[in-house]
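Okay, structure first, notes after.
Residue numbers (my numbering), protein chains in the order written: chain A, 13 to 118; chain B, 25 to 438.
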């Protein structure tokens with residue numbers, strides 16, 4: 013299990029214990045995080061699992077794929093340099109304690 | 025809020041989302057979901073896709089069990105509603121139990137179409153709809169060498185691509201002259217036909233299955249085609265011949281039916297205390313004025329939110345851009361709008377043979393887009409379709425069919 017901290021757009025923090033091997037979208041849903049929708053079940057087609065990842069964790073993640081880049085241009089809330097689709101982030105010990113901010117809208 | 029008990033029939037995407045959204049909307053009464061399947065509500069789309077490879081059913085769940093406790097959502101599993109007694113505002117379950125409702129939400133979805141051909145009772149003649157079906161299919165695929173898909177729609181093609189990826193010989197028999205004929209334009213069908221053929225899938229288009237044969241042990245062996253009479257060898261046969269709405273209890277109760285359960289723009293049936301949403305509901309798509317019944321996640325989610333808002337006392341008429349996706353061997357198809365109504369198509373020049381964008385017009389107005397591996401065009405098409413103003417073929421033509429430019433300009437003027 014890996015600890016992940018979600019911060020919603022009002023600043024409220026929720027810590028979840030995520031299953032290693034799940035992706036962050038699945039972990040957020042299993043952990044009852046409301047700001048994540050995941051309409052396409054992780055197929056990288058809906059941009060409703062958008063998150064902002066804090067450093068130093070951001071740099072440790074695999075880079076965005078071309079498909080993810082495209083979807084991030086279509087998010088409901090503004091795209092920032094630390095925007096990611098949470099379905100593309102794999103849970104593992106390397107991101108223990110990662111802080112993730114939720115956008116206002118998905 | 026006087027409506028104390030909301031009963032939801034169906035525990036799929038639409039039924040689950042209604043319960044979740046009722047709580048988000050601040051509804052504090054009782055919520056009961058009645059599901060025909062065992063277990064917690066789960067996502068269906070991955071069953072024909074990633075679930076074959078990543079068989080972790082935990083990952084399919086919308087929420088874990090504590091969510092239902094915390095939100096006081098009672099979930100009755102593995103049981104069907106047999107009757108709606110509108111005069112008493114009750115539903116009757118198959119075990120005779122009676123449950124009273126103040127408001128009733130019908131979200132039964134669809135069931136697989138029966139195929140009236142001999143031989144469907146042989147072992148390893150399977151269907152795919154539920155998690156249990158998917159587990160059975162995955163198990164059967166392990167020992168199989170050749171699969172025949174009956175039906176070349178979305179599910180048939182998705183499963184075919186997975187099975188081919190696992191190394192099976194795969195044939196698809198489709199009644200229409202092209203794959204996904206009822207859902208997509210000719211260039212998109214052709215793209216996927218070429219892709220499947222290149223993967224080694226054999227396509228039998230414009231063909232019907234006459235019968236299925238098995239051996240003395242009851243195991244399936246061949247599928248005989250009705251047109252050519254050819255026999256296709258297969259130790260696994262999967263029937264993906266489409267679905268029909270699961271609406272018997274609604275029809276029996278005298279609710280208006282028009283392909284699906286007829287609802288107004290607030291998802292209300294002809295009984296003001298009964299609503300219907302998702303795959304089994306027929307509603308009027310505002311932009312086209314057509315009454316439609318759509319089978320998609322988007323439709324289930326957005327209609328669930330609409331009905332929850334209505335019940336919670338903040339009604340807002342339903343008006344959403346329909347969208348849909350399919351994923352076959354890593355190739356992503358997305359559909360925005362209702363492209364089936366189109367009388368004119370425009371295929372955009374593509375910078376890559378792996379990408380395709382086909383724009384759909386009706387009476388020279390933009391009504392939708394089908395895109396392959398082009399999420400950007402898809403999302404932009406959705407933005408354009410959500411605008412109040414219609415966009416004409418001429419608007420597209422004069423801007424070189426650049427969707428982004430159109431979206432930006434129209435957003436400014438609109």
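We put the beta carbon where it would ideally sit given N, CA and C, even for glycine.
List, in order along the chain, the chain A residues whose C-beta lies closer than 7 Å to that of residue 83 of chain B? Position 59 of the second chain, counting from 1, holds the residue named residue 83 of chain B. Within chain A, the residues near residue 83 of chain B are 34, 38.
Under DSSP, the beta strand (DSSP E) around residue 26 of chain A begins and ends at which residues? Taking the first residue of the first chain as 1, we reach residue 26 of chain A at position 14. Unbroken beta strand (DSSP E) run through residue 26 of chain A: 25-30.
Specify, as a first and last residue, the run of the alpha helix (DSSP H) that residue 211 of chain B falls within. Here residue 211 of chain B refers to the residue found at position 187 when the second chain is read from its first residue. Where residue 211 of chain B is concerned, the enclosing alpha helix (DSSP H) stretches over 210-222.
Could you tell me whether the Cβ of residue 47 of chain A comes closer than 8 Å to any Cβ of chain B? Stepping through the first chain from its first residue, residue 47 of chain A is reached at position 35. No, its Cβ sits nowhere closer than 8 Å to a Cβ of chain B.
Note down, in chain order, every chain B residue with its Cβ under 7 Å from the Cβ of residue 82 of chain A. Walking along the first chain from the start, residue 82 of chain A turns up at place 70. Ordered by position in chain B, the residues that pass the 7 Å Cβ test against residue 82 of chain A are 399, 400.
Run through DSSP, which three-state label would residue 448 of chain B get? Residue coverage of chain B in this structure runs from 25 to 438, which leaves residue 448 of chain B outside it and unanswerable.
Closer than 7 Å at the beta carbon, the chain A residues around residue 70 of chain B: Numbered from its first residue, the second chain carries residue 70 of chain B at position 46. Within 7 Å Cβ-Cβ: 53.
Under 8 Å between C-beta atoms of residue 265 of chain B and residue 250 of chain B: Residue 265 of chain B sits at position 241 when you count from the first residue of the second chain. Residue 250 of chain B sits at position 226 when you count from the first residue of the second chain. In this structure, residue 250 of chain B does not lie closer than 8 Å to residue 265 of chain B by Cβ.
Show which residues of chain A have a CB atom less than 8 Å away from the CB atom of residue 88 of chain B. The residue labelled residue 88 of chain B in the question sits at position 64 within the second chain. 42, 44, listed in chain order.
Please name the residue, chosen from B:422, B:308, B:406, that lies closest to residue 431 of chain B on a Cα-to-Cα basis. Locating residue 431 of chain B in the second chain gives position 407, counting from the first residue. If we check each option's Cα against that of residue 431 of chain B, B:406 comes out closest.
Please state the DSSP three-state secondary structure of residue 331 of chain B. As a working mapping, residue 331 of chain B is identified with position 307 in the second chain. Helix, per DSSP.
Ends of the alpha helix (DSSP H) at residue 84 of chain A? On the first chain, residue 84 of chain A is found 72 positions in, with the first residue counted as 1. Segment 78-84, the alpha helix (DSSP H) holding residue 84 of chain A.
Against residue 57 of chain A, what residues of chain B qualify as contacts under a CB-to-CB distance less than 7 Å, listed in chain order? As a first step, residue 57 of chain A is located in the first chain; it is residue number 45 there, counting from the start. Near residue 57 of chain A (Cβ distances below 7 Å), the residues of chain B are 349, 356, 358, 399.
For residue 361 of chain B, write down the residues that DSSP places opposite it in a beta bridge. Here the question's residue 361 of chain B lines up with position 337 in the second chain. Answer is B:392, bridged to residue 361 of chain B.
Below 9 Å on C-beta distance, what does residue 99 of chain A contact in chain B? By one-based count along the first chain, residue 99 of chain A stands at place 87. Per Cβ cutoff of 9 Å: no residues; residue 99 of chain A is ~11 Å from chain B at best.
Does the CB of residue 403 of chain B have a neighbour CB from chain A at under 8 Å? Locating residue 403 of chain B in the second chain gives position 379, where the first residue counts as 1. Cβ-Cβ to chain A under 8 Å: yes for residue 403 of chain B.
With a 10 Å radius around its C-beta and 16 neighbouring C-beta atoms as the bar for buried, classify residue 112 of chain A as buried or exposed. Locating residue 112 of chain A in the first chain gives position 100, counting from the first residue. Residue 112 of chain A comes out buried.
Quickly, what does DSSP pair residue 352 of chain B with across the bridge? List them, please. Against the second chain, residue 352 of chain B aligns to sequence position 328. Paired residues: B:355.
Where residue 193 of chain B falls: helix, strand or coil (DSSP): As a working note, residue 193 of chain B is residue 169 in the second chain. Looking at residue 193 of chain B - three-state DSSP - the assignment turns out to be strand.
Given residue 47 of chain B as reference, the closest of B:223, B:69, B:77, B:98 once Cα atoms are compared: Residue 47 of chain B sits at position 23 when you count from the first residue of the second chain. Closest by alpha carbon: B:98.
Does chain B have any CB closer than 8 Å to the CB of residue 86 of chain A? Stepping through the first chain from its first residue, residue 86 of chain A is reached at position 74. Closer than 8 Å to some Cβ of chain B, the Cβ of residue 86 of chain A qualifies, so yes.
Nonlocal neighbours in the same chain, by C-beta distance under 8 Å from residue 72 of chain A, ignoring five residues either side: The sequence position of residue 72 of chain A within the first chain is 60, counting from 1. These residues qualify, in order along the chain: 106, 107.
Based on DSSP bridge pairs, tell me the residues matched to residue 134 of chain B. To locate residue 134 of chain B, count along the second chain from 1; it is residue 110. In DSSP, residue 134 of chain B forms a bridge with B:269.
Under 8 Å by beta carbon: chain A residues contacting residue 91 of chain B: As a working mapping, residue 91 of chain B is identified with position 67 in the second chain. Ordered by position in chain A, the residues that pass the 8 Å Cβ test against residue 91 of chain B are 44.
Beta carbon of residue 59 of chain A, beta carbon of residue 351 of chain B: below 8 Å? Here the question's residue 59 of chain A lines up with position 47 in the first chain. Here the question's residue 351 of chain B lines up with position 327 in the second chain. No, these two residues do not count as a Cβ contact at 8 Å.
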